[in-house]
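Participant:
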Amino acid sequence: MKKIKSQIEELLKLRPIADGTVEGLFTFPPDFIGFQGHFPGGAILPGACQIQALLSLLEKSVGKSLALKEVVLAKYLVPVLPNEEIAIKTAEVFVPEISGSTVKAVITRAGVKVSEIKICAALQESL
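For the sequence shown, this note's numbering gives the first residue as 199, with consecutive numbering after it.
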């Protein structure tokens, strides 16, 4: 999963929004590791990669490492294919806490909703 996370972080283009929410733009190329085996001959971006993209967006926006505590909601409405640009936008301002904070995000492609995700993430405690 570390390889997937690092590739996702490289693809992220962060766009802070005036109201405190954030948006990240991603375009996953055909050679993205997450497409391997999902599915041969018809690559589709896995839901786990969409969740990791949201987590990476949050980490970049707050400048701190986060730990995923729970996937509260994950609705996948339309497949995301290679080379399609998607936008992940948080629905509210994310304020991370050690105990965990919940945030909802919508993923769109060309203005069409493809996924809706709500996660609980916590500040990563330093060891």
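For every residue, glycine included, the Cβ atom is placed at its ideal position computed from N, Cα and C. Note that this is a predicted model, so its numbers are computed, not measured.
I want to know whether the segment 225-236 touches the segment 265-284 - three or more CB-CB distances under 8 Å.
Facilitator: The segment 225-236 is in contact with the segment 265-284.
Participant: When you compare only the Cα positions, how much space is there between Lys-302 and Leu-212?
Facilitator: Residue numbering aside, residue 302 sits at position 104 when the sequence shown is read from its first letter. Residue numbering aside, residue 212 sits at position 14 when the sequence shown is read from its first letter. Cα to Cα, the separation comes out at about 17 Å.
Participant: Let me check one thing: in DSSP terms, what residues is Pro-214 bridge-paired to?
Facilitator: Walking along the sequence shown from the start, residue 214 turns up at place 16. Looking at the DSSP assignment, Pro-214 forms a beta bridge with Val-220.
Participant: Are Leu-275 and Val-312 closer than 8 Å when you measure CB to CB?
Facilitator: Residue numbering aside, residue 275 sits at position 77 when the sequence shown is read from its first letter. Residue numbering aside, residue 312 sits at position 114 when the sequence shown is read from its first letter. In this structure, Val-312 lies closer than 8 Å to Leu-275 by Cβ.
Participant: Use the C-beta contact count for Ser-231: other C-beta atoms within 10 angstroms, 16 or more gives buried, fewer gives exposed.
Facilitator: Here residue 231 refers to the residue found at position 33 of the sequence shown. In the sequence as presented, Ser is not what sits at residue 231; that position holds Ile. Its Cβ having fewer than 16 others within 10 Å, Ile-231 is exposed.
Participant: So for Val-293, helix, strand or coil by DSSP?
Facilitator: Along the sequence shown, one-based indexing puts residue 293 at 95. Val-293 falls in the coil class under three-state DSSP.
Participant: Who does Ala-272 pair with in a DSSP beta bridge?
Facilitator: As a first step, residue 272 is located in the sequence shown; it is residue number 74 there, counting from the start. Beta-bridge pairing links Ala-272 to Ile-315.
Participant: State the CB to CB distance for the pair Cys-247 and Ile-305, rounded to an integer number of angstroms; the pair is presumed to be in contact (CB under 8 Å).
Facilitator: Against the sequence shown, residue 247 aligns to sequence position 49. Against the sequence shown, residue 305 aligns to sequence position 107. Cys-247 to Ile-305, Cβ: 11 Å. No contact.
Participant: Can you tell me whether Leu-279 is helix, strand or coil according to DSSP?
Facilitator: Mapped onto the sequence shown, residue 279 falls at position 81. The answer is coil: DSSP assigns Leu-279 none of H, G, I, E or B.
Participant: Taking Lys-273 as the reference, which of Gln-234, Gly-245, Ser-259, Ala-251 has the closest Cα?
Facilitator: Counting from one through the sequence shown, the residue named residue 273 turns up at place 75. Answer by Cα proximity: Gly-245.
Participant: Taking Ile-296 as the reference, give the member of Leu-271, Ile-286, Ser-263 with the closest Cα.
Facilitator: To locate residue 296, count along the sequence shown from 1; it is residue 98. It is Ser-263.
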